[in-house]
Amino acid sequence: MDLIRILFAILLPPLGVFLQVGIGGAFWLNILLTILGYIPGIVHAVWIIARR
288 MDLIRILFAI LLPPLGVFLQ VGIGGAFWLN ILLTILGYIP GIVHAVWIIA
338 RR
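Each residue of the sequence shown is one higher than the last, beginning at 288 in our numbering.
Right, here's the structure in full:
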């Protein structure tokens with residue numbers, strides 16, 4: 288299941304974070320990071336998925 292989440296995190300970072308933690312602070316932070324730059328959103332999403 289983590290492989291699918293990481294794939295979603297690469298394609299659409301907020302979706303990967305949403306699947307891991309739901310709607311919360313990490314989700315909104317990831318949306319902000321993705322808007323500011325796609326790469327920071329990916330890094331944050333993979334970090335959230337790998338951490339748990």
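Cβ coordinates follow ideal geometry from the N, Cα and C atoms, glycine included.
- Message: Looking at the secondary structure, which residues open and close the alpha helix (DSSP H) in which Arg338 lies?
- Response: 325-338
- Could you tell me if Arg338 is buried or exposed, where buried requires 16 or more neighbouring beta carbons within 10 angstroms of its beta carbon? exposed
- Query: Between the C-alpha atoms of Thr321 and Phe314, what's the straight-line distance to the nearest angstrom?
  - Reply: 11 angstroms
- Task: State the Cα-Cα distance for the pair Ala296 and Leu319, rounded to the nearest angstrom.
- Result: 14 angstroms
- Message: For a test of the three-state rule: what should DSSP assign to Leu310, helix, strand or coil?
- Response: According to the sequence shown, residue 310 is Ile rather than Leu. Coil at Ile310, not helix or strand.
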